[in-house]
Amino acid sequence: MNAPRTVVVVGHGMVSHRFVEALRARDGGGEWRVVVFGEEADAAYDRVGLTSYVGEWDRSALALSGNDYAGDDLVDVRLGSRIAAIDRAAKTVTTESGETTSYDALVLATGSYAFVPPVPGHDLPGCHVYRTLDDLDAIRADANAAVDRSDGAVGIVVGGGLLGLEAANALRTLGLRPRVVEVNPRLMPQQVDSGGGEHLARMIADLGIDISLSSGTTEIAAAEHGLAVTLKDESVIDAAVVVFAAGVRPRDELARDAGIVVGERGGVITDLSCVTSDPAVYAIGEVAAIEGRCYGLVGPGYASAEVVADRLLGGDAQFPGADMSTKLKLLGVDVASFGDAHGTTEGALDVVVSDPIGGTYAKLVLSDDASTLLGGVLVGDASQYGVLRPLVGSSLPGDPVSLIAPSSGDSPGIGVGALPDAAQICSCNDVTKGTLCAAIADGSCTVAELKGCTGAGTSCGSCVPLLSQLLEAEGVSVSKSLCEHFSQSRAELFELVQASGIRTFSGLIERFGSGTGCDICKPTVASILASTSSDHILEGEQASLQDSNDHFLANIQRNGTYSVVPRMPGGDVTAEQLIVIGEIARDFGLYTKITGGQRIDMFGATVDQLPLIWRRLVDAGMESGQAYGKSLRTVKSCVGSDWCRYGQQDSVQMAIDLELRYRGLRSPHKIKMGVSGCARECAEARGKDVGVIATETGWNLYVGGNGGMTPKHAQLLAGDLDRETLIKYVDRFLMYYIRTADRLQRTAPWVEALDGGMDRLRAVVIDDALGLNADFEATVERHVDGYGCEWKGVLDDPDKLARFVSFVNAPGAPDPTVEFGEKNGRKVPVLMGTPAFPARKPSLTAQEA
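Throughout the sequence shown, residue numbering follows full-length UniProt numbering, covering 1 to 849 in sequence.
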């Protein structure tokens, strides 16, 4: 087999990552070895979502999936390594440190740099651009210093486009009062027209952001506590920071110095195959001027990456053109533009519906005979963007005014079913309606399945609502029925239990269901009943509803034995309790292990031993850790401010308080929490359903992080909260989840499935959009007041105890299927008829290490 050829990629941003992924996915024969040089210290991350870094300050949250190419020997990523020169004759690139690498093909993916107007003083301390994670860290440092000095510090943003408004939002989040200075007479001049700009400016100003239009910055000077910024009208503003967001320019200096042809206005000139004037050199993304035009959106960048990957493997792909449409939510305001948004086509007609009171503006641009849609602008309400954008160049399916008028029962607008098969639903990944319909015909019946097999909705995500609409339009109805015995969903059953007051499964199924029930509805109803009262889960009829774990208040293991997990709030445990655990493990021959949730798990107990073990644990002051239940499992913590020199708050006490508050709270799935005492995140709080991270002034609250098949980082719900507010928000979040989630749905997919996602969640939890927050809090208080240890309840009740001796492995009759073996000196379970477990590789000795 021939040695692979080498393709060098300069730059490791979103488009570069897409190119590497596309090439490696198609190059089954290993024709190419990829060497990637990234100037930043971070591997490819979501630069489109850069503003989400503000407030969370977690670089890993923006990392693109698979950006380290782990396990792929044909990809070599070199971060923090800037290419200084290209030698086209020798086919080499050289880094600033003098490292030289040869290439057979070179891909320039250097992107763009932030343009800084040549204003006197633009390079003073306190002046920044808004382009990278490092830029945002620098802005944060200056903003924090300014806020510490005084309230009401001003941050100026030069530029009122998309990036400028995102920068203004970031400054507002950091505690500054933003002022946007835009040279044009309207905000976002590239995307919206004058009418849309007026609406946008009004709504942005209502959010507390000052705006100076038809203005500019003429001078920046150092001042006693920051900067003195002189505007075009000669007014002077004292500012803490100045952020330049006045546009970007292609980073084409490498190509220019190497003699590769660049455009008059910048950018590396390529043809439709993305080949430059040197046939061994390609350009993709923002640096590429494809047939003379640079595209500043991720969708066209991805398309160029796919073209080059295909070309390197002998294909003939060409750049398909670009959809420059955009749909954004800026500071909570919807903004969208598509097609010929400014009506530059000769004879174009405008149809405008403006509602300044309702805060919406919509314009459609039509051909001169009013039959063809050319483009449009939407501000305030962009709900129709998904179906209007794919219709550009097509005949309108109805009266244009009705398509953009505020929706009502009589005028619901058009749906995705009206679109032709050629309509592009996902512009980022070039997925048409026809492709999606074919996937549905092949058996894809959920949004997740459509995303997985077509790639639609996996980049910016703006088309995801259309995927749901398309499933419905194609006749795919996903039943909400819990099972064949209940036509209601879990959330509907929860409401029925609350409204009817029925406290038994038999009563509920008799009134609202049919049949005798099954292993789906019985434990689900048992969970709902437990969530709405403090009755013991083995009380009366409820006992027969529980699954195998809840039935015996222990996790059943693969060999038929059970595990015992006492609660250790926040990982806190006394020496006496540790001694009792050790004695129990010794006396009953149990295997012990420290869990990932800072508890001690004891494995190998038979059913009849469980009461004996728990009696000793309860007598030692311990209680059930509910490791068996769909309820709160653990609240992990670091050592916090008590011991750690970096700790900003008492994370241990907060973890104990949370665990004791929510212990035993039954839910649709298990819940895990974490509390970190500082941003170093030693408790890994952002991998939990509820994560709390200390700040200098309070606590940041994150929700919706889960493990499982598709791990998710928790998202910031609110920041810098005091203890009382934090607990109120957690109460509300948990009760909203418990009332509305589907059976066995963890918090991460539940948040994703909410109509409006995190925005909706914030509206409910923080703004009380449902008017239920007082009820949510009262429900939690009733749970706290009525809580009792489930194992203590068993030990105090002879009837409940009886269930632990009436089985084949009761005293005198051990279960014949239970066997134990050894592995590396440890006791392990062995199933009858199966070989002993293979031993793991022994740990390295000190000498080997």
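From the three backbone atoms N, C-alpha and C, an ideal C-beta is built for every residue, glycine too.
{"query": "Buried or exposed (CB count within 10 angstroms, at least 16 for buried), Arg18", "result": "buried"}
{"query": "Close-in-space but distant-in-sequence residues of the same chain around Ala258 (CB under 7 Å, 5 per side omitted)", "result": "Ile86, Arg88"}
{"query": "Continuous alpha helix (DSSP H) stretch holding Leu391: start and end", "result": "Element bounds for Leu391: n/a, residue is neither H nor E."}
{"query": "For Gln557 and Gly582, the rounded distance between their alpha carbons", "result": "21 Å"}
{"query": "Assigned secondary structure, Val119 (DSSP; H/G/I helix, E/B strand, else coil)", "result": "coil"}
{"query": "Nearest residue (CA-CA) to Gly11, options Trp32, Ala41, Pro390, Thr173", "result": "Ala41"}
{"query": "Selected residue, minimal CA-CA separation from Ser212, among Tyr385, Val157, Gly299, Gly263", "result": "Val157"}
{"query": "contact_flag[the region 346 to 356, the region 61 to 76] where n(CB pairs < 8 Å) is 3 or more", "result": "no"}
{"query": "Asn773 in three-state terms, based on DSSP", "result": "helix"}
{"query": "Validate contact between the region 119 to 129 and the region 216 to 226 using beta carbons, cut 8 Å, 3 pairs", "result": "yes"}
{"query": "Among Arg743, Val275, Arg586, nearest to Asp519 - alpha-carbon criterion", "result": "Arg743"}
{"query": "Three-state secondary structure assigned by DSSP to Ile127", "result": "Checking the sequence shown, residue 127 turns out to be Cys, not Ile. Strand."}
{"query": "Span separating the alpha-carbon of Asp316 from that of Leu23", "result": "14 Å"}
{"query": "For Ser102, the three-state DSSP class (helix, strand or coil)", "result": "strand"}
{"query": "Through-space distance from Pro420 to Gly434, alpha-carbon basis", "result": "8 Å"}
{"query": "Selection from Leu590, Gly589, Ala239, Ala627 that minimises the alpha carbon distance to Gln598", "result": "Ala627"}
{"query": "Ile727, DSSP secondary structure in three states", "result": "helix"}
{"query": "Same chain only: Cβ atoms within 8 Å of Tyr737, ignoring 5 sequence neighbours per side", "result": "Ser667, Pro668, Thr747, Trp750"}
{"query": "Where Asn144 sits in the DSSP three-state scheme", "result": "helix"}
{"query": "Backbone secondary structure at Ser624 - three-state DSSP", "result": "strand"}
{"query": "Test item: CB-CB of Thr132 and Gly55 under 7 Å", "result": "no"}
{"query": "Collapsed DSSP secondary structure at Cys483 in the structure displayed", "result": "strand"}
{"query": "Residue from Leu272, Thr446, Lys232, Thr101 whose Cα sits closest to the Cα of Ala753", "result": "Thr446"}
{"query": "DSSP-derived helix/strand/coil call for Ile579", "result": "helix"}
{"query": "Residue burial classification, His225 (beta-carbon count within 10 angstroms, cutoff 16)", "result": "exposed"}
{"query": "Where Val703 falls, given that 16 or more other Cβ within 10 Å makes a residue buried", "result": "buried"}
{"query": "7 Å CB neighbourhood of Arg47 in its chain, flanking five on each side removed", "result": "Gly13, Met14"}
{"query": "C-alpha distance - Gly301 paired with Leu207, whole-angstrom precision", "result": "33 Å"}
{"query": "Nearest residue (CA-CA) to Tyr385, options Leu364, Ser395, Asp368, Ser371", "result": "Leu364"}
{"query": "Residue interval of the alpha helix (DSSP H) (run including Gln653)", "result": "651 to 662"}
{"query": "First and last residue of the uninterrupted alpha helix (DSSP H) at Lys433", "result": "433 to 441"}
{"query": "Counted within 10 angstroms of its Cβ, other Cβ atoms place Ser548 as buried (16 or more) or exposed", "result": "exposed"}
{"query": "Beta-carbon gap between Cys294 and Pro250 smaller than 7 Å", "result": "yes"}
{"query": "Under 7 Å between C-beta atoms of Thr326 and Gln424", "result": "no"}
{"query": "Cβ-Cβ separation, Ser624 to Lys453 (assumed contact under 8 Å), whole Å", "result": "According to the sequence shown, residue 453 is Cys rather than Lys. Not quite, the Cβ-Cβ distance comes to about 43 Å (not below 8 Å), so this is no contact."}
{"query": "At least three beta-carbon pairs within less than 8 Å, the region 630 to 644 to the region 574 to 592", "result": "no"}
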